[in-house]
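In UniProt numbering, the protein residues as written are 1 to 139.
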């Protein structure tokens, strides 16, 4: 079996790109690699990318310039979940950051392996998680 090196990209589909960018840049502190009217790509740390796509704008095949190829259509609906890995020492600072921006923490979990998670929503209702080491056997 060939090996996998990790999850490179995670995608969220949003209704309002400007609103989503305000949240992910202002509240979460992410920096965009590239963006246009239909998507934004963020450095999500540790070699990972968070992609925001404007819902309904990726339903057609994208033909890239020259001989770069194509990107097949995709889209998503409904509220999804994703987690950001954080250091244990940063959990209180993240809770303060969320509070300073009026973002309510919906849930907390103390995992058997010692990790902690806090859960909150982005403006599109996606469930976001900040997780410290000890959540999974590999984290």
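Idealized CB from N, CA, C, for every residue including glycine.
Remember, it's a predicted structure, so these values are computed and weren't measured experimentally.
Secondary structure of residue 40 (DSSP, three-state): strand. Counting only residues of its own chain and dropping the five nearest sequence neighbours on each side, residue 67 has no CB closer than 6 angstroms to any other CB.
For residue 93, the three-state secondary structure derived from DSSP is helix. When the five nearest sequence neighbours on each side are left out, the beta carbons in the same chain lying within less than 8 angstroms of the beta carbon of residue 113 are those of 134, 135, 136, 137, in order along the chain. Residue 12 is classed as buried because its beta carbon has at least 16 other beta carbons within 10 Å across all chains shown. Here residue 87 is exposed: its Cβ has fewer than 16 other Cβ atoms, across all protein chains shown, within 10 Å. Where residue 121 is concerned, there is no enclosing alpha helix (DSSP H), although the beta strand (DSSP E) around it starts and stops at 116–121. Under the three-state reduction of DSSP output, residue 68 falls in the coil class, being neither helix nor strand. With fewer than 16 other CB atoms across the displayed protein chains lying within 10 angstroms of its CB, residue 63 is exposed. For residue 85, the pairing in a beta bridge is given by DSSP as 131. Here residue 58 is buried. Its C-beta has 16 or more other C-beta atoms within 10 Å. For residue 56, the CB contacts under 7 angstroms within the same chain, skipping 5 residues up- and downstream, are 75 in chain order.
Between residue 101 and residue 26, the C-beta gap is smaller than 8 angstroms, which places the two residues in contact. Residue pairing of residue 107 in beta bridges, as defined by DSSP: 119.
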